[in-house]
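Numbering (the working numbering), first residue to last: 80 to 419.
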Amino acid sequence: MYKDFAESLQKFFEDYLVKERGLSRHTMRSYRDCFIRFIDFLSTTKRIKPKDISMSILDRDLIVGFLNWLEDHNRCSVQTRNQRLSCMKSFFNFMMYLDPAHLAQWKSISTIKRKKCEDGTLDYLSIEALALILQEVDTTNAKGRRDLALLSLLYNSGVRVQELIDLTPASLSTSGPHVLKVFGKGRKHRVIPLDQPIMTLLTSYMREQKLDQQGRECHPLFFNARHEKLSTPGVGDILDRYFQRAKRNNPGSLPDKISPHVFRHSRAMHLLQAGVNLIYIRDVLGHATIITTERYARVDSKAKREALEGAYTSIGIVEPQTKAWESNNQVLNMLKNYKF
């Protein structure tokens with residue numbers, strides 16, 4: 080007999096992820112979002128309601144179908160697909176101990192391979208493209224001034240979206256030296272220097288919103304009409320609004336799509352192109368290892384190489400033909416209401 084899906088999932092979250100592994104709230108949200116997407120997949124493609132989900136139907140083919148659905152219908156990147164796979168594997172590894180009677184079934188799911196990502200693909204904006212987006216913000220009203228402060232800080236600091244959402248007035252040091260204190264991924268604290276223009280913008284914004292007053296140090300720095308901190312989709316919507324306007328007004332100057340994370344990539348690339356050391360960029364972005372930061376150098380080198388190749392072509396220089404071997408590159412409510 081199979082275990083109940085809802086009870087198993089709750090044990091996974093409360094007993095394993097929280098008590099045993101002690102994961103951060105950021106990671107917990109990621110697990111939650113994964114299973115919300117999974118339940119949505121079952122509802123829309125299999126017509127299975129959350130209350131009717133049975134552990135007996137959860138097999139390797141179903142999970143692979145879910146991952147493909149994420150890419151095909153949700154337009155998720157390969158990186159997101161692999162992250163969702165890691166969440167699912169963690170759950171079914173847990174099930175091996177909770178329900179060893181069906182060990183072979185859970186083990187087969189855990190053998191699903193990560194999908195290979197194309198190395199070196201990284202979306203980022205030029206400084207000119209970034210300026211086109213920010214120029215679309217209407218600063219004649221309070222909402223526009225908030226949006227300009229939000230987007231400017233998102234780029235200037237290179238923080239992740241969740242890190243931006245979690246900021247409070249206490250995160251900012253308004254008296255020199257100007258820094259932003261971030262509590263980020265992996266429960267790590269880091270300090271990011273801010274220049275005077277962004278501090279002037281933020282100081283003006285906080286004064287207007289009365290966030291500089293005593294007792295409001297822990298209020299969300301950026302909030303909605305209900306004075307609650309913004310959500311990740313909310314930040315994405317703010318950015319997309321100005322991106323679409325800039326794209327209409329400047330056809331051909333901007334990419335087809337954008338996300339808040341592109342601002343983070345853009346900041347890293349601009350720092351690199353300005354000659355900033357990779358170690359410093361690593362510390363600003365909060366990467367656990369310099370290996371992660373090095374991908375920006377690889378992408379920048381690729382862009383420079385392609386520019387040189389284009390220059391060769393434009394003046395009629397023909398490069399030797401590349402040899403073949405040289406080019407071979409080797410439940411639902413519980414989840415939604417769960418407090419993290």
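Beta carbons are placed, not taken as given, at the ideal position from N, Cα and C, and that holds for glycine.
Quantities reported herein were computed from a predicted structural model and do not represent experimental measurements.
Assigned with DSSP and collapsed to three states, G365 falls in coil, not helix or strand. Residue state for I271 is assigned as strand, using DSSP reduced to three classes. Contact between the stretch 110-120 and the stretch 190-210 is absent: fewer than three C-beta pairs spanning the two stretches fall below 8 Å. Assigned with DSSP and collapsed to three states, S133 falls in strand. The three-state reading of DSSP puts S205 in coil, since its state is none of H, G, I, E or B. As DSSP reads the structure, F145 sits in no beta bridge.
In this chain, the alpha helix (DSSP H) harbouring V240 covers 240-244. Restricting attention to R343, T190, E215, the CA atom closest to the CA of D319 is found in E215.
With a cutoff of 8 Å on beta-carbon distance, S345 and L209 are scored as near each other. A check of alpha carbon separations from A221 across F301, F120, H298, E287 identifies E287 as the nearest. L290 sits in coil when the DSSP states are folded into three classes, being neither helix nor strand. Distance from S87 to M175 at the Cβ level is roughly 12 Å; contact not present, criterion being Cβ atoms closer than 8 Å.
With fewer than three CB-CB distances shorter than 8 Å, the stretch 96-109 does not count as touching the stretch 145-158. Exclusion of the five residues before and after Y321 leaves I212, L213, E215, V216, D226, L230 as the residues of its chain whose Cβ lies within less than 8 Å of its Cβ. Shown here, K125 sits in coil according to DSSP, grouped into three states, outside any helix or strand. Inter-residue distance for R163 and W148 is about 12 Å (C-alpha atoms, whole angstroms). In the same chain as A367, and ignoring 5 residues on each side of it, the C-beta atoms closer than 7 Å to its own belong to G265, in chain order. With contacts defined as CB atoms closer than 8 Å, I206 and M167 fail to qualify as a contacting pair. The DSSP-derived three-state label of L233 is helix. Contact check for L177 and V341: beta-carbon distance about 40 Å, past the 8 Å limit, so the pair fails to qualify. Per DSSP, the beta-bridge partners of F262 are H268. Straight through space, the alpha carbons of R327 and I136 are spaced by roughly 47 Å. Boundaries of the alpha helix (DSSP H) around Q89: 84-90.
Assigned with DSSP and collapsed to three states, S252 falls in strand. One thing to note: G313 has its Cβ no nearer than 8 Å to the Cβ of N329. Counted as a single uninterrupted DSSP element, the alpha helix (DSSP H) harbouring R327 occupies residues 311-328. Spatial neighbours of T247 in its own chain (CB-CB distance under 7 Å, excluding positions within 5 residues in sequence) are listed in chain order as E296, C297, H298, P299, L300. In chain order, S338, P339 place their CB closer than 7 Å to the CB of G315, counting only its own chain and leaving out the 5 sequence neighbours on each side. A direct Cα-to-Cα measurement between L182 and A325 gives close to 54 Å. Counting along the chain, A180 sits inside no alpha helix (DSSP H), nor does DSSP assign it H or E at all. The shortest CA-to-CA distance from Q352 to any of H306, A376, I358 is the one to A376. In terms of Cβ geometry, D335 and R269 do not form a close pair [threshold 8 Å].
By the Cβ neighbour-count rule, I118 is buried, with 16 or more other Cβ atoms within 10 Å of its own. Apart from the 5 residues on each side of it in sequence, G294 has no Cβ closer than 7 Å to any other Cβ in its chain. Judged by beta-carbon spacing, M285 lies beyond the 8 Å limit of H257, meaning their Cβ atoms are not closer than that value. Minimum Cα-Cα distance from G237 among the listed residues I115, S252, V261 corresponds to V261.
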